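A.B. asks:
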DNA sequence: TTCATGCTTCGGTTTTAGCCGAAGCATCTT
DNA sequence: AAGATGCTTCGGCTAAAACCGAAGCATGAA
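Residue numbers (the working numbering), protein chains in the order written: chain A, 1 to 228; chain B, 1001 to 1228.
1. Take residue 1036/B as the anchor and find which of 1010/B, 1073/B, 1008/B has the nearest alpha-carbon.
2. Would you mind telling me which residues of chain A sit closer than 8 angstroms to residue 1050/B, beta carbon to beta carbon, in chain order?
3. Use the C-beta contact count for residue 67/A: other C-beta atoms within 10 angstroms, 16 or more gives buried, fewer gives exposed.
4. On a Cα-Cα basis, can you pick out the residue from 196/A, 88/A, 152/A, 92/A that is closest to residue 176/A?
5. So within the stretch 68-114 of chain A, which uninterrupted beta strand (DSSP E) runs reach at least 3 residues, ignoring any that extend past its ends?
6. Give the DSSP-derived three-state secondary structure of residue 202/A in the structure shown.
7. If you draw a straight line from the alpha carbon of residue 56/A to that of residue 76/A, how long is it in whole angstroms?
8. If you draw a straight line from the alpha carbon of residue 1045/B to that of residue 14/A, how long is it in whole angstroms?
9. Beta carbon of residue 235/A, beta carbon of residue 148/A: below 9 angstroms?
10. Below 8 angstroms, can you find three or more Cβ-Cβ pairs linking the stretch 1157-1171 of chain B to the stretch 1181-1189 of chain B?
11. According to the Cβ coordinates, are residue 134/A and residue 212/A closer than 9 angstroms?
12. Should residue 129/A and residue 210/A be called a contact, given that it needs their Cβ atoms to be closer than 9 angstroms?
13. How is residue 135/A classed by DSSP in three states: helix, strand or coil?
14. If we count the other Cβ atoms within 10 Å of its Cβ and call it buried at 16 or more, is residue 1007/B buried or exposed?
15. Is the beta carbon of residue 113/A closer than 9 angstroms to that of residue 29/A?
16. Any idea if residue 1105/B is buried or exposed, counting beta-carbon neighbours within 10 angstroms, 16 or more meaning buried?
17. Is residue 1010/B buried or exposed, if buried means 16 or more other CB atoms sit within 10 Å of its CB?
18. Using the beta-carbon of each residue, which ones in chain A are nearer than 7 angstroms to residue 1217/B?
19. Please list, in chain order, the chain B residues whose beta carbon lies closer than 7 angstroms to that of residue 89/A.
20. Excluding the five sequence neighbours on either side, which residues of its own chain have a C-beta within less than 6 angstroms of the C-beta of residue 70/A, listed in chain order?
21. Look at the alpha carbon of residue 272/A and the alpha carbon of residue 12/A, and state the distance between them as a whole number of angstroms.
22. Taking the runs of the alpha helix (DSSP H) that are 4 residues or longer, which of them lie wholly in the stretch 158-203 of chain A?
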């Protein structure tokens, strides 16, 4: 009777509490084993296995076999993007379920969204790249300008490697805390890796929080032309 | 055990086929009665009533009583944004469930997203407003520049009325077909209304498709500085 | 007032999804 | 080769939710 996209199938996959917890745990970007995810979801191993099968079949998760472990991860940045969007919606609808919580401000400031930088810092990076004409909106996508490519290369990014990978280079991703966009895609991921490699910031273990060092912020601002 | 955002509750609301169909039907922006939505979802009246209660309690829909009818509509633009995001995800995961379908290209070109313009035309409008410095990203939101305000007024928009309304003036909204942003918020809605009032485009009945007239496209391009 | 219409509440049926214990495979360790 | 570990499949239980017909409540029309 209906011919539209079946968002119901995907939404109901995310709609189970156990599966939602698994997905949120994987939003930190690191791959987790089936048993870790069972623990995270608060269910027994067989139940978790069932859920993981569904998530995999539904295309939300990808799995990698490694010895006798199976590592699950978010399948694609657009999956992460949808989860961010739902997070934003739930924040909007139920503004304060619990008190803000100690990690909350840190999360809003800077966090990992699957494999790239989100939060206030991520949004400001995105804006700076547009304003500085490193990226230019072009019809259906974002292009890297000539000057932008030069500048990014100077910072230490290997653009040709990024371009060679099959995933899209630039993608916007809606940020739940700021209600603005941040940069996803291959370039977004590469920039985040760079930030960590240079020691400008480090990820808090077992959380999505990203902590910048004092000097790291300065260098980050200088490198990408982010206004402070 | 978990303290994260309750995305499962919201996702499971969207995850029921009947409710998803209702939401998709309402994405055209117009308010529909309970019986129309029952029809749309393919269920009997009592069942629909149950679903609508849940959607309302969940904060996804707002209702307005009018005589003996009850008109339901999407509660907020961020709800529309999340639904768009899920639509995009389902397109990505199941690239071609059915053959493209006749309306598909038209939808990608221009469509209604709740109450504003989306699709290729919407994205290009958004880009043009940024590039033409009518709107300027500013930290957490989008500002209208002084020159931009002048220009928009000349076209025939009543900015003070938009500013007086309680809803945010400018909001970006992620476009599933283009994977880019288009303009939502009070300004986005006002511009779309203007486009229809001036006869540049009209909405196809009972669908989200927006059809521009030949002359309408020209005038639209000229008015907002959209590159062709 | 009386009737019709739109919607909701009530009661009861049926389907399905989530869950786990036990058993089965595969892989690594000793 | 024997045992331990990580994960999945199987079988069966249970609880929840989707569904509708019938009845109840408003509101508008005659």
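Beta carbons are placed, not taken as given, at the ideal position from N, Cα and C, and that holds for glycine. Just so it is clear, the structure is predicted and the values come from calculations on it, not from any experiment.
C.D. replies: Quick answer:
1. The shortest Cα separation from residue 1036/B among 1010/B, 1073/B, 1008/B belongs to 1073/B.
2. The premise fails here: residue 1050/B is roughly 16 angstroms from chain A at the closest Cβ pair, so nothing lies under 8 angstroms.
3. Residue 67/A comes out exposed.
4. Nearest option by C-alpha distance: 88/A.
5. The qualifying runs are 69-74, 111-113.
6. Per DSSP, reduced to three states, the secondary structure at residue 202/A is strand.
7. Going by the C-alpha atoms only, they are around 12 angstroms apart.
8. When the Cα atoms are used, residue 1045/B and residue 14/A turn out to be separated by approximately 27 angstroms.
9. Outside the modelled stretch of chain A, which goes from 1 to 228, sits residue 235/A, for which no answer is possible.
10. Between the stretch 1157-1171 of chain B and the stretch 1181-1189 of chain B, the count of Cβ pairs shorter than 8 angstroms is three or higher; the stretches touch.
11. Not a contact, by the Cβ cut-off of 9 angstroms.
12. Residue 210/A sits away from residue 129/A, with the two beta carbons spaced by 9 angstroms or more.
13. In the structure shown, residue 135/A sits in a strand (DSSP, three-state: E or B).
14. Burial check for residue 1007/B: the Cβ neighbour count within 10 Å reaches 16 or more, so the residue is buried.
15. Taking 9 angstroms as the Cβ cut-off, residue 29/A and residue 113/A qualify as a contacting pair.
16. Residue 1105/B sits exposed, since fewer than 16 C-beta atoms from the chains shown fall within 10 Å of its C-beta.
17. Buried is the call here.
18. What residue 1217/B touches in chain A: nothing, since even the nearest Cβ is about 16 angstroms away.
19. Ordered by position in chain B, the residues that pass the 7 angstroms Cβ test against residue 89/A are 1010, 1078, 1079, 1082.
20. Closer than 6 angstroms at the Cβ level, and outside the excluded window around residue 70/A, lie 34, 63.
21. Since the first and last residues shown for chain A are 1 and 228, residue 272/A lies out of range.
22. DSSP runs (the alpha helix (DSSP H)) wholly in the stretch 158-203 of chain A: 159-164, 185-197.
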